[in-house]
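Notes follow once the structure below has been shown.
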Amino acid sequence: VSTQSRSRSTAFLSDARAYGGAKLHSDHKIVKTTIDLRQKTKLYKSRKTQTVKYNTTSLVCNKELQNQFHQAVTQQIDSLPTPPNVKAGFEQLFGTVKTAASNTVGMRLKNRKTQHSSDPRVCCMSDERHKLILQLNDNMLRDRTELRRNNNKLKNNINKPLKELETEHANKLADAINNDDDTKRKFEATRALATDKQAEPILVFNADNQLVATLLVTIALLGFATWNVRGLTKMDKQHLLAQDCDRYDLDVIGLQETKVRQFSDSRLPGNHRLLLFDQKDGYHGGLGFLINTRVNH
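All letters in the sequence shown, in the order written, are residues 27 to 323 by the numbering used here.
Next comes the structure, spelled out in structure tokens:
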């Protein structure tokens with residue numbers, strides 16, 4: 027898992043790193059990442075086709091530009107050949123208008139916000155973080171550990187003032203609800219303030235496409251990890267795994283190389299649920315999940 031990828035799921039993941047010193051002995055480190063479920067709308071956001079927009083504002087306000095556009099359209103229409111049918115005639119006409127608009131009126135500039143906030147602290151740190159991301163994307167740099175550390179630090183520092191600004195905005199909306207007598211404005215303020223929605227359940231299936239677990243996540247941040255445990259057939263190792271789940275504050279752990287031959291569904295200390303799937307390709311392999319009791323329903 028990498029938070030530096032260009033995938034659409036980048037906003038979905040944060041703080042991916044490997045941890046050592048676990049109680050369960052393995053020559054592989056546990057890899058943990060935090061999944062921000064509040065950003066799931068960005069993951070499923072549909073891709074929209076970009077529409078070409080012309081600068082019609084200048085065309086309406088500028089009389090000289092109107093004359094230039096009219097002359098360009100007239101000259102191109104006079105030079106058009108006779109169309110073979112009505113459909114071709116309309117296509118020629120629309121193409122002529124678009125060409126004249128591109129040459130005289132021009133395109134409308136995209137109005138993009140460079141920052142999430144106009145706060146000078148956030149803008150300054152965001153510009154600095156943008157420079158760090160450009161350096162991270164430079165493949166000539168071999169050791170990028172320090173850059174990633176500074177990038178994560180800046181990200182956390184940016185989130186702090188943003189949360190303060192969000193709290194201030196929420197307080198203003200709450201005051202509008204309590205003090206405004208206008209029914210319409212009160213409804214708009216209430217709708218803007220009520221942003222929390224009940225999360226959809228996460229379904230876990232086995233190799234035979236059978237439902238084996240349902241995760242009802244009611245928290246905003248989900249701690250997920252993957253771990254090559256190098257065998258999980260002994261009960262004492264399973265208990266150590268439950269301790270590491272609490273130690274690293276994890277909600278779900280994806281297990282690899284469990285070396286378990288039969289499917290099992292058991293409870294560990296702390297009422298954590300352990301799902302181990304059978305594997306048939308030799309002694310090596312085997313997958314499973316450890317599900318924290320706070321998300322297992």
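Just so you know, even glycine gets a beta-carbon here, dropped at the ideal spot from N, CA and C.
Note that this is a predicted model, so its numbers are computed, not measured.
What would DSSP say about residue i, mapped onto helix, strand or coil?
i, result
"residue 223", "A caution first: residue 223 carries a pLDDT of 47, below 50, which makes its placement in the model unreliable, though a value can still be read off. Residue 223 falls in the coil class under three-state DSSP."
"residue 305", "coil"
"residue 319", "coil"
"residue 250", "strand"
"residue 281", "strand"
"residue 140", "In this prediction, residue 140 scores a pLDDT of 47, lower than 50, which makes its location untrustworthy; the coordinate-derived value is nonetheless stated afterwards. Three-state DSSP puts residue 140 in coil, outside helix and strand."
"residue 195", "helix"
"residue 91", "helix"
"residue 290", "strand"
"residue 300", "strand"
"residue 237", "strand"
"residue 313", "strand"
If you drop the 5 nearest sequence neighbours on each side, which residues of the same chain put their C-beta closer than 7 Å to that of residue i?
i, result
"residue 151", "180, 183 and 184"
"residue 296", "268, 272 and 319"
"residue 304", "286, 287, 288 and 289"
"residue 46", "55"
"residue 118", "106 and 109"
Excluding the 5 residues flanking residue i on each side, which residues of the same chain have their C-beta closer than 6 Å to its C-beta?
i, result
"residue 161", "173"
"residue 81", "131, 132 and 134"
"residue 44", "55 and 57"
"residue 222", "Unreliable positioning characterises residue 222 in this predicted model, as indicated by a pLDDT of 47, which lies under 50. The coordinate reading is nonetheless provided below. Around residue 222: no qualifying Cβ."
"residue 156", "none"
"residue 291", "301"
"residue 41", "60"
"residue 79", "134"
"residue 112", "none"
Just to confirm the assignment, what range does the alpha helix (DSSP H) spanning residue i have?
i, result
"residue 121", "112-126"
"residue 57", "Premise fails: residue 57 lies in the beta strand (DSSP E), 56-62, not in any alpha helix (DSSP H)."
"residue 272", "261-273"
"residue 146", "146-162"
What residues in its chain sit with their C-beta under 8 Å from that of residue i, if we drop five residues either side in the sequence?
i, result
"residue 122", "99, 102, 103 and 106"
"residue 52", "253, 254, 255 and 256"
"residue 141", "Note on residue 141: pLDDT 48, under 50, position unreliable in the model; the coordinate value appears next. Contacts found: 148, 149 and 152."
"residue 278", "241, 248, 249, 250, 251, 315, 316, 317, 318 and 321"
"residue 283", "254, 255, 256, 257, 310, 311 and 312"
How about residue i and residue j: do their beta carbons lie closer than 8 Å?
i, j, result
"residue 148", "residue 187", "yes"
"residue 287", "residue 293", "no"
"residue 60", "residue 280", "no"
"residue 50", "residue 267", "yes"
"residue 177", "residue 158", "yes"
"residue 85", "residue 145", "no"
"residue 262", "residue 48", "no"
"residue 114", "residue 95", "no"
Between which two residues does the beta strand (DSSP E) harbouring residue i extend?
i, result
"residue 41", "39-45"
Counting only C-beta atoms, is residue i closer than 8 Å to chain D at any point?
i, result
"residue 51", "Reference to chain D is not applicable here, since this structure consists of a single protein chain."
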